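Quick note, the sequence shown lines up with residues 7 to 297 if you use our numbering. Below you'll find the structure, written out as structure tokens, and then a few comments.
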Amino acid sequence: MMHIERLCLIGVGLIGGSWARALRDAGAVGEIIGCGRTEASLQRAVELGVIDRYECDPAQAVLGADMVVLGVPLGGMRGVLAAIRETLAPHAIITDVGSAKGSVVADAEAVFGRVPPRFVPGHPIAGTEKSGVEASFKELFRHRRVILTPVADTDPDAVATVRALWEVAGAEVVAMDVEHHDEVLAATSHLPHVLAYGLVDTLAHWDDNREIFQYAAGGFRDFTRIASSDPRMWRDICLANREALLTAMKRYITDLNSLLESVEQADGERLEAVFDNAKQARDHFISLLEQ
Ligand SMILES: NC(=O)C1=CN([C@@H]2O[C@H](COP(=O)(O)OP(=O)(O)OC[C@H]3O[C@@H](n4cnc5c(N)ncnc54)[C@H](O)[C@@H]3O)[C@@H](O)[C@H]2O)C=CC1
Ligand SMILES: O=C(O)C(=O)Cc1ccc(O)cc1
């Protein structure tokens, strides 16, 4: 099995913490050094056994590391890369878990002049609406997909190592190009989060006493769970994947306007046709997920 002697995790939260737990559980790592902004949460990560020790300065944290995982929000990636540039070991593999990939690739280019060959951009398509190391758990990536988006110069050995470490955590790894990743995720993840936040915000403005929320059924709860996600993280994702998100939002608005027309015109046939098509598409993809 793949073994990493010293792993440095910068940003010890839900995603980085869950991966660290899974790697440790499988015996795939020797030592895990954490790094973050708040000492109290790093201390907690040590108590939980997620990391062995921590450093508050990223430049110190990466010293001697064979692998560096960037588990910070997208808005923090560039600063962290700049901070570790001088002290990173030449053989070290770097990867990240950010929800958009074009922005991380641009950050690496800005800091290093080009994407370093041993930098493997990655994105686990798994998570929850919770944040922080307390919410992390080792099974998070089991039977979930992880997308790696290597660029032309990325070292195939580094890709193979990152792939093997996700597989240790139970994930299924696929490779995709950066632009395609950002378009697909804008449609399937970033747009739904914007819609959930937007809907809850609209209803909250509508009724300042929040009375209507008392009468919300299960469907409302299902639809809006993701509006409990971390607002700063989602601000960063929307800004990082602006172009693709804009395209997805415009498409959705066009279709929503057409639904509005159907309601306005009391066009039951058209409403039913849209709902029927949506139900078939969803039932199909859910059945694929459950296979
Ligand atoms: N939450 C989710 O469901 C998923 C999140 N992601 C991505 O994973 C990354 C991390 O997300 P989570 O683990 O959910 O967040 P989190 O909030 O649980 O963890 C992030 C950690 O990074 C630390 N941090 C923030 N800025 C930092 C900086 N400049 N330097 C060092 N540490 C810093 C925070 O204190 C926190 O401990 C984000 O880029 C996000 O887009 C990817 C897949 C799923
Ligand atoms: O909470 C949920 O269901 C999510 O959708 C989690 C999630 C958040 C961000 C990602 O980039 C990937 C997955």
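Don't be surprised by glycine CBs; every beta carbon is placed ideally from N, CA and C. Every value quoted in this text rests on a predicted model; they were computed, and no experiment measured them.
| Check | Outcome |
| --- | --- |
| In three-state terms, what does DSSP make of T260? | helix |
| What are the partner residues of Y60, as DSSP defines its beta bridges? | G40 |
| Given this structure, state the Cα-to-Cα distance separating V206 from A284, to the nearest angstrom. | 22 Å |
| What is the rounded straight-line gap between the Cα of W25 and the Cα of G176? | 10 Å |
| Using only the heavy atoms of ligand 2, determine whether one of them is closer than 8 Å to the beta carbon of A170. | no |
| Under 8 Å by Cβ, that's how I've got L191 and A106 pegged, so tell me the actual separation to the nearest angstrom. | 7 Å |
| Hey, how far is the Cα of A65 from the Cα of D113? | 17 Å |
| Just the Cα atoms here: how many angstroms apart are R84 and L15? | 15 Å |
| Please confirm if the stretch 214–231 is in contact with the stretch 163–171, defined as three or more CB-CB distances below 8 Å between the two stretches. | no |
| Taking 9 Å as the threshold (beta carbon to beta carbon), is D58 in contact with chain C? | As a matter of chain content, chain C is missing from the structure shown, which is built from one protein chain. |
| Assuming L20 contacts G133 under a Cβ cut-off of 8 Å, what Cβ separation, rounded to an integer in Å, is found between them? | 6 Å |
| What residue range is occupied by the uninterrupted beta strand (DSSP E) comprising V152? | 151–154 |
| Kindly indicate which three-state DSSP category M8 falls into: helix, strand or coil? | coil |
| I need the DSSP call for G274, collapsed to helix, strand or coil. | helix |
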